[in-house]
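Visitor:
Protein chains: 2
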Amino acid sequence: MPASEVPDIVIGRLPIYLRALDYMAQEGREIISSRELASYLGISSAQIRKDLSHFGGFGKQGTGYHVQYLREQLIRILNIDREWPVALVGVGHLGSALANYQGFLHRGFRIAAIFDSSPSKIGTVVGGLEVLPVERLGETLRATGIKIAMIAVPASAAQEVADMLIEAGVRGILNYAPITLSVPDGVHVQYIDPAAHLQHMTYYLGRNGR
Amino acid sequence: MPASEVPDIVIGRLPIYLRALDYMAQEGREIISSRELASYLGISSAQIRKDLSHFGGFGKQGTGYHVQYLREQLIRILNIDREWPVALVGVGHLGSALANYQGFLHRGFRIAAIFDSSPSKIGTVVGGLEVLPVERLGETLRATGIKIAMIAVPASAAQEVADMLIEAGVRGILNYAPITLSVPDGVHVQYIDPAAHLQHMTYYLGRNGR
DNA sequence: TAGATTGTTAATCGATTAACAATC
DNA sequence: TAGATTGTTAATCGATTAACAATC
Numbered sequence: 000m001p002a003s004e005v006p007d008i009v010i011g012r013l014p015i016y017l018r019a020l021d022y023m024a025q026e027g028r029e030i031i032s033s034r035e036l037a038s039y040l041g042i043s044s045a046q047i048r049k050d051l052s053h054f055g056g057f058g059k060q061g062t063g064y065h066v067q068y069l070r071e072q073l074i075r076i077l078n079i080d081r082e083w084p085v086a087l088v089g090v091g092h093l094g095s096a097l098a099n100y101q102g103f104l105h106r107g108f109r110i111a112a113i114f115d116s117s118p119s120k121i122g123t124v125v126g127g128l129e130v131l132p133v134e135r136l137g138e139t140l141r142a143t144g145i146k147i148a149m150i151a152v153p154a155s156a157a158q159e160v161a162d163m164l165i166e167a168g169v170r171g172i173l174n175y176a177p178i179t180l181s182v183p184d185g186v187h188v189q190y191i192d193p194a195a196h197l198q199h200m201t202y203y204l205g206r207n208g209r
Numbered sequence: 000m001p002a003s004e005v006p007d008i009v010i011g012r013l014p015i016y017l018r019a020l021d022y023m024a025q026e027g028r029e030i031i032s033s034r035e036l037a038s039y040l041g042i043s044s045a046q047i048r049k050d051l052s053h054f055g056g057f058g059k060q061g062t063g064y065h066v067q068y069l070r071e072q073l074i075r076i077l078n079i080d081r082e083w084p085v086a087l088v089g090v091g092h093l094g095s096a097l098a099n100y101q102g103f104l105h106r107g108f109r110i111a112a113i114f115d116s117s118p119s120k121i122g123t124v125v126g127g128l129e130v131l132p133v134e135r136l137g138e139t140l141r142a143t144g145i146k147i148a149m150i151a152v153p154a155s156a157a158q159e160v161a162d163m164l165i166e167a168g169v170r171g172i173l174n175y176a177p178i179t180l181s182v183p184d185g186v187h188v189q190y191i192d193p194a195a196h197l198q199h200m201t202y203y204l205g206r207n208g209r
C-alpha cells in the first residue's frame, strides 16, 4: 500500500490539479508543462512534479504532460473513475442549493438520497428526489451502500446526524455545520465554513479594510 | 507590524479556535485549558499555545484560558470587532442560499448588496435585498465601501466578475466557482469547492468504499 | 503550599524548493 | 542534434511537538 505514505496535504492538492486540467482540456490544450500549470495555480512547478511523482511518472521530458492522460490518472488515483452516490441531510436553503447543484455530476458524485426531520419538508421533491424522514436514514443508506454524506443541518443537530450516518456505514462526511464533529477512526470529515474563510481574509484587510 | 510575520497557516486556524470558543461559551464554559480545546478540535495542545503566543499571553498558568476573554481577543485580532458589509454576485440556487444564510451575522459579516446579470432575477428581492444588475456593481461598491465579495456565478463568468470586483475596490474574495482566479497582489482569495473535498475523501475510501 | 497549566525554547519532523542528470 | 522539461535528490525552509521553567 504505497498510497498510505503519501502526505495528506498532497492528496488535498490533487483535486485542484484535476480541476485545472479540466479547465485546460476545455480550453483545447493537449499538452501542458508543470511550469505553466504552476503559473496558473500560483504555486511552484517543483511542487507539482514532486506531488505527481508520488504516484508515478506521468510526463515526458522535454515536453510536459498530456492533459487528458494526466486527467485520467488523477481520476483513477482519487477513485472517481466511478460515480459515488451521496446522501444529503438537511433541506434548508443550503441543502436545497446542494440538491440542485449540477457541478457534482461530472466530478464523480450524485446525490442519491435526501433526508430532513421537518414534516413540512418530508415528502416534497427537491432536486428530483423525494425528501425522506431521517428515521429512514439507516435503512436507506444500508440498502443503497452509500458511503458519503453531506450534512446541511443546524449546528445543534449536526453531531447527532453524524452519529446516525456513521452508524449507517458512512465513511466520509462533508460537514456544512459550523461545528467540529467527533468521529471514530476511519471516518473522514471535511469542513465547509465560509464565515471562517471570510475571517481569515479580514485578518489581512485590517480593521478598516485598508 | 508583528502581524505580517505570523504564518498564514496559523491565521487560518484562528477562526476555528474562535468557533470552538463560541461553542464552549454557549455550553456555559467559563474556563478552558489548551488540552481540552485541543482534544475537542483533534489537534495538539502545544499547537494551540504556540499559535496564540504569536499574539500574546492570553491564559493563566495553572488555570487555562478565560473563554470570553480569549474570544474577545481573537475577534479583535481577526478584525471582526466590527461588521463587514459583503457583496454577493450570482443569485442561483447557491447565491440564494447564501443570501438567506443567517450564520454570517454573528460572525462579523452582513450581505449588503446582491448582483446578477439575468433580467429574470434583477429587481427581485432575495434575503431582504433587491437584486441589482451587475452593471451597477462598480458604483454601488465604491459608494458603500464594500471590500469583501462572494462569487456564486458559473465558472465561465467568475474571472470576469472578479476583475470587476477588484476594479471596484474589493480586497477579499470568497470564490464558489470551481476555477482558480487570477488576481493582483494585495487581493485575497479563498476557495469553496465541495467537490474537491469529496474527491479528497474518496482517495481514502478506496475504489469500492472499502 | 501543592498542583496544574501556560508560554517558550529547543529538537524533531515534514514539506517545499533548488538544482541537475536523465531523456524525450 | 539542440532545446526543453521531467523526475529525483539533496538542501533549505518552516511547522509541529516535546519538554520544562515560570507562575498562577
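As they're listed, the protein sequences go chains R and X.
The first sequence runs 0 to 209 under this note's numbering.
The second sequence runs 0 to 209 under this note's numbering.
Heads up, the beta-carbon is just placed ideally off N, CA and C, and yes, glycines get one too.
Count the other CB atoms within 10 Å of the CB of R:D80; is the residue buried (16 or more) or exposed (fewer)?
Guide: By the 10 Å Cβ count, R:D80 comes out exposed.
Visitor: Taking all protein chains shown into account, do 16 or more other C-beta atoms lie within 10 angstroms of the C-beta of R:S95, making it buried, or fewer, making it exposed?
Guide: Classification for R:S95: buried.
Visitor: Here's a check: name, in chain order, each residue in its chain whose Cβ is nearer than 7 Å to the Cβ of R:Y39, leaving out the five neighbours to either side.
Guide: Within the same chain, R:Y39 has close Cβ partners A19.
Visitor: Please name the residue or residues paired with X:K59 in a DSSP beta bridge.
Guide: Its beta-bridge partners are X:G63.
Visitor: Would you say X:R170 reaches chain R, if we count a Cβ-Cβ gap shorter than 8 Å as a contact?
Guide: It does: the Cβ of X:R170 has a partner Cβ on chain R nearer than 8 Å.
Visitor: Using a Cβ-Cβ distance under 8 Å, would R:I292 count as near chain X?
Guide: A question about residue 292 of chain R goes unanswered here, because the residues of chain R that appear run from 0 up to 209.
Visitor: On the criterion of 16 or more Cβ atoms from any shown chain inside 10 Å, does X:P1 qualify as buried, or is it exposed?
Guide: Any reading at X:P1 must be qualified, since the residue scores a pLDDT of 38, below 50, and its modelled position is unreliable; no value is offered.
Visitor: Hey, out of X:L93, X:L131 and X:R170, whose CA is closest to X:I147's CA?
Guide: Ranking X:L93, X:L131 and X:R170 by Cα distance to X:I147 puts X:R170 first.
Visitor: Residues of chain R with CB closer than 7 Å to the CB of X:K146, please, in chain order.
Guide: What X:K146 touches in chain R: L204 and G208.
Visitor: Please work out which residues of its chain come closer than 7 Å, Cβ to Cβ, to X:P193, disregarding the five sequence neighbours upstream and downstream, and give them in chain order.
Guide: Counting only Cβ-Cβ distances below 7 Å, and skipping sequence neighbours, we find nothing.
Visitor: Which whole runs of the beta strand (DSSP E) in the stretch 126-207 of chain R are 3 residues long or more, in chain order?
Guide: The stretch 126-207 of chain R contains these whole beta strand (DSSP E) runs: 128-132, 147-150, 171-174 and 187-190.
Visitor: At a CB distance below 7 Å, what residues from the stretch 90-119 of chain R approach chain X? Give them in sequence order.
Guide: Per Cβ criterion, the list reads H92, L93, S95, A96, N99, Y100, G102, F103, R106, G107 and F108.
Visitor: How far does the alpha helix (DSSP H) with R:I10 in it reach, from first residue to last?
Guide: Looking at the DSSP string, the run of the alpha helix (DSSP H) that includes R:I10 is D7 to Q25.
Visitor: At a cut of 8 Å, does the stretch 90-107 of chain R reach the stretch 95-109 of chain X through at least three beta carbon pairs?
Guide: Yes, the stretch 90-107 of chain R is in contact with the stretch 95-109 of chain X.
Visitor: Decide if X:G55 is buried, meaning its Cβ has at least 16 other Cβ atoms within 10 Å, or exposed.
Guide: With fewer than 16 other Cβ atoms within 10 Å, it is exposed.
Visitor: Is the Cβ of R:Q198 closer than 8 Å to any Cβ of chain X?
Guide: So, interface residue.
Visitor: Please state the DSSP three-state secondary structure of X:E4.
Guide: Reduced to three states, the DSSP call for X:E4 is helix.
Visitor: Can you list the residues of chain R that X:Q189 reaches, using a CB-CB cut of under 7 Å?
Guide: Chain R residues near X:Q189: H196, H199 and M200.
Visitor: Using a Cβ-Cβ cut-off of 8 Å, state whether X:Y64 counts as contacting chain R.
Guide: Taking Cβ atoms only, chain R never reaches closer than 8 Å to X:Y64, which makes this a no.
Visitor: For chain R, is any of its Cβ atoms less than 8 Å away from the one on X:A173?
Guide: Correcting the residue type first, residue 173 of chain X is Leu in the shown sequence and not Ala. It does; some Cβ of chain R falls within 8 Å.
Visitor: Which residue comes first and which comes last in the beta strand (DSSP E) that contains R:R109?
Guide: First-last of the beta strand (DSSP E) with R:R109: F108 to D115.
Visitor: Taking R:G102 and R:R141 to be in contact with their CB atoms under 8 Å, please state how far apart those CB atoms are, rounded to whole angstroms.
Guide: Contact doesn't hold; Cβ gap of about 28 Å is too wide.
Visitor: Nearest by alpha-carbon distance to R:T143: which of R:K120, R:I113 and R:S119 is it?
Guide: Closest by alpha carbon: R:I113.
Visitor: Measure the alpha-carbon distance for R:K49 versus R:S117 and round it to whole angstroms.
Guide: Rounded to whole angstroms, R:K49 to R:S117 spans 49 Å at the Cα level.
Visitor: On the three-state DSSP scale, how would you describe X:I30?
Guide: In this structure, X:I30 counts as strand in the three-state DSSP scheme.
Visitor: Quick test of the definition: if touching needs 3 or more C-beta pairs under 8 Å, does the stretch 71-79 of chain X touch the stretch 128-138 of chain X?
Guide: At 8 Å Cβ cutoff, the stretches do not touch.
Visitor: Can you list, in chain order, the residues of its chain with a C-beta nearer than 7 Å to that of R:V160? Leave out the 5 residues immediately preceding and following it.
Guide: Around R:V160: V88, I150 and V152.
Visitor: List, in order along the chain, the chain R residues whose C-beta lies closer than 7 Å to that of X:G11?
Guide: Near X:G11 (Cβ distances below 7 Å), the residues of chain R are H199.
Visitor: I'd like the span of the beta strand (DSSP E) that includes X:L87, first residue to last.
Guide: Start and end: W83 to V88.
Visitor: Within 8 Å (strictly less), CB to CB, does R:A142 reach chain X?
Guide: Chain X contact via Cβ: absent.
Visitor: How should X:V90 be labelled, buried or exposed, when 16 other C-beta atoms within 10 angstroms of its C-beta is the threshold for buried?
Guide: So X:V90 ends up on the buried side.
Visitor: Start and end of the alpha helix (DSSP H) containing R:N99?
Guide: H92 to N99 is the extent of the alpha helix (DSSP H) around R:N99.
Visitor: Smallest Cα separation from X:Y16: which of X:G61, X:L69 and X:Q25?
Guide: Ranking X:G61, X:L69 and X:Q25 by Cα distance to X:Y16 puts X:L69 first.
Visitor: Quick one: does R:R18 have its CB under 8 Å from some CB of chain X?
Guide: Closer than 8 Å to some Cβ of chain X, the Cβ of R:R18 qualifies, so yes.
Visitor: For X:I165, which of X:V182, X:T62 and X:N174 has the nearest alpha-carbon?
Guide: The option with the nearest alpha carbon to X:I165 is X:V182.
Visitor: Below 8 Å CB to CB, which residues in the same chain sit around R:Y186 once its five sequence neighbours on both sides are set aside?
Guide: Reading off the sequence shown, one finds Val at residue 186 of chain R, where the question assumed Tyr. Taken in chain order, the residues that qualify are I165, V169, R170, G171 and I172.
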